[in-house]
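Chains as they are written, first to last, in numbering that gives the first Met the number 0: chain A, 0 to 195; chain X, 0 to 195.
Note that the Cβ used here is the ideal one computed from N, Cα and C, for glycine as well.
2 protein chains.
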Amino acid sequence: MTAPRRTPGRRPGGPDTRGEILTAARESFAEKGFSATSIRAVARHAGVDAALVHHYFDSKDDLFVEAMALPIDPRQVAFRILDGPRDQLGRRIASVFLGVWESADGQQRMKAIFRSVVSSDEVARLMREGISEMIIQPVARALDVPDATLRVGMVATQLIGVAMARYLVGLEPVASVDLQTLIDRLAPVLQLHLTG
Amino acid sequence: MTAPRRTPGRRPGGPDTRGEILTAARESFAEKGFSATSIRAVARHAGVDAALVHHYFDSKDDLFVEAMALPIDPRQVAFRILDGPRDQLGRRIASVFLGVWESADGQQRMKAIFRSVVSSDEVARLMREGISEMIIQPVARALDVPDATLRVGMVATQLIGVAMARYLVGLEPVASVDLQTLIDRLAPVLQLHLTG
Chain A
0 MTAPRRTPGR
10 RPGGPDTRGE
20 ILTAARESFA
30 EKGFSATSIR
40 AVARHAGVDA
50 ALVHHYFDSK
60 DDLFVEAMAL
70 PIDPRQVAFR
80 ILDGPRDQLG
90 RRIASVFLGV
100 WESADGQQRM
110 KAIFRSVVSS
120 DEVARLMREG
130 ISEMIIQPVA
140 RALDVPDATL
150 RVGMVATQLI
160 GVAMARYLVG
170 LEPVASVDLQ
180 TLIDRLAPVL
190 QLHLTG
Chain X
0 MTAPRRTPGR
10 RPGGPDTRGE
20 ILTAARESFA
30 EKGFSATSIR
40 AVARHAGVDA
50 ALVHHYFDSK
60 DDLFVEAMAL
70 PIDPRQVAFR
80 ILDGPRDQLG
90 RRIASVFLGV
100 WESADGQQRM
110 KAIFRSVVSS
120 DEVARLMREG
130 ISEMIIQPVA
140 RALDVPDATL
150 RVGMVATQLI
160 GVAMARYLVG
170 LEPVASVDLQ
180 TLIDRLAPVL
190 QLHLTG
């Protein structure tokens, strides 16, 4: 492995260091995808020591969440989904995601990500890798049913479609139905995807 | 109403007339949306007689299908969905849509529409109006269940999400699972949306 390069004269922890690391992370993720990007590679690209990246970000997942301006930390999503009775999985999933998307900030970030995903193959690859490793795979492992990964993937399709229809396309009556009705419609369908 | 204007010297049925009408239709739809656009308005915009538009296109719906290069005629979709036993609605819907999207031409057109919808508010409005009037509402009327329009709208969200995940984002394992498995997963979920 190559030793991290240091840009001469750059402050090791100046006010812009965190931002510079995030920019380097975005570029590294875009170039190599999620799986092939390491903290060390981001540090090298940013011209700082890997220890400094670790000072600001606990893990590669952290870096990804911040660099992509995700509306919510995917690991927290996985935790909140799995924490509760199994026969209420569908309802928890609907509540967690719609709760985030109904907030102004969450909705804005989600829309920005959707637009990037559709217009850029690199962002699409990055998001599918990140979502797969941080949400789909952990939830599938915890489920312990046959075809768990496909089941969780199908849940993802249903959520993606609701996001598109309600927030990006404005397809009625999905776009203006009240939140509780929408959660009530989604809950049994998501449950069927997972355990039916 | 204003009498249709004729551009002096334009051939009433020359080789480009059909194309010119389609261009005028696209512009009219984009400007006014689906509902507010009439055959008469498209004729006026194209500088031809309304009868000539009717010579090439039976109806406004026809014009829309051609102008937007839809992968399949939405009225045909509605017919094929409704034609058969009620407890197999979910399976027919999955088969009809995935059948179109798995074909090279259908998939290419669908992707182009998705990209336009996400990047242009006008196209989004146009598509949501067109899909609503030509598929969602007729199918909902035929269903005869409470909340039929919302139910059919929820089916649309599930289909939109599968299209996004499988064809535009490449989210695994949904992207590469075989078609029959995907239809088998979708059928009961779409059925639950409609009649559950």
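Mind pulling the chain X residues with CB within less than 7 Å of residue i?
i, result
"A:M153", "V173 and R184"
Quick one: is residue i near chain A, going by C-beta distance under 8 Å?
i, result
"X:S131", "yes"
"X:R114", "yes"
"X:A127", "The displayed chain sequence assigns Arg, not Ala, to residue 127 of chain X. At least one chain A Cβ lies under 8 Å of X:R127."
"X:E19", "no"
Quick one: list the residues of chain A neighbouring residue i, beta-carbon separation under 7 Å, in chain order.
i, result
"X:M109", "Those do not exist, as X:M109 stays about 12 Å from chain A at its closest Cβ, beyond 7 Å."
"X:V188", "V188, L191 and H192"
How would you label residue i, buried or exposed, when you count the other beta carbons within 10 angstroms and need 16 or more for buried?
i, result
"X:Q87", "exposed"
"A:R85", "exposed"
"X:G160", "buried"
"A:D15", "exposed"
"A:T180", "exposed"
"X:H53", "exposed"
"A:R43", "buried"
"X:P137", "buried"
"X:V144", "exposed"
"A:S34", "exposed"
"X:A103", "exposed"
"X:T194", "exposed"
"X:E128", "buried"
"A:G89", "buried"
"A:S58", "exposed"
"X:S27", "buried"
To the nearest whole angstrom, what separates the beta carbons of residue i and residue j, a pair I think is in contact under 8 Å?
i, j, result
"X:V154", "X:L189", "5 Å"
"X:A214", "X:L185", "The requested residue 214 of chain X does not occur in the structure, where chain X is confined to residues 0 to 195."
"X:V168", "A:M126", "7 Å"
"A:P187", "X:L191", "6 Å"
"X:G152", "X:I135", "6 Å"
"X:A24", "X:L62", "5 Å"
"A:K110", "A:Y166", "6 Å"
"A:V117", "X:V117", "5 Å"
"A:S115", "A:V122", "4 Å"
"A:R124", "A:G32", "5 Å"
"X:E65", "X:L178", "That belief does not hold up - the Cβ atoms of X:E65 and X:L178 are roughly 28 Å apart, past 8 Å."
For residue i, go through chain A and note every residue whose CB falls closer than 9 Å to its CB, in chain order.
i, result
"X:P70", "Those do not exist, as X:P70 stays about 17 Å from chain A at its closest Cβ, beyond 9 Å."
"X:S119", "None at all; the shortest Cβ gap to chain A is about 11 Å."
Nearest chain X C-beta to residue i closer than 8 Å, yes or no?
i, result
"A:V168", "yes"
"A:I159", "yes"
"A:A123", "yes"
"A:G195", "yes"
Within this structure, are the beta carbons of residue i and residue j separated by less than 8 Å?
i, j, result
"X:V95", "X:I112", "no"
"A:P73", "A:V99", "no"
"X:A170", "X:A164", "Per the sequence shown, residue 170 of chain X should be read as Leu rather than Ala. It is a contact, given that the beta carbons lie within the stated cut-off."
"X:P172", "A:T36", "no"
"A:E19", "A:A49", "no"
Find the residues of chain X that neighbour residue i, judging by a C-beta separation of less than 9 Å, and give them in chain order.
i, result
"A:T16", "None at all; the shortest Cβ gap to chain X is about 33 Å."
In chain A, which residues lie less than 8 Å from residue i when you measure between Cβ atoms?
i, result
"X:L149", "P172, V173, V176, T180 and R184"
"X:T156", "Q157, G160, V161, M163, A164, R165, L170 and V173"
If the cut is a Cβ gap below 8 Å, which residues of chain X does residue i touch?
i, result
"A:M67", "In chain order: nothing, as chain X lies at least about 14 Å away."
Run the proximity test for residue i: is its beta-carbon closer than 7 Å to any non-hydrogen atom belonging to the ligand ATP?
i, result
"X:D60", "The model on display carries no ligand, and the ligand ATP is accordingly not part of it."
query: Going along the chain, which residues of the stretch 75-98 of chain X sit with their C-beta nearer than 8 Å to a C-beta in chain C?
result: Looking at the structure shown, chain C is missing, and the protein chains on hand are A and X.
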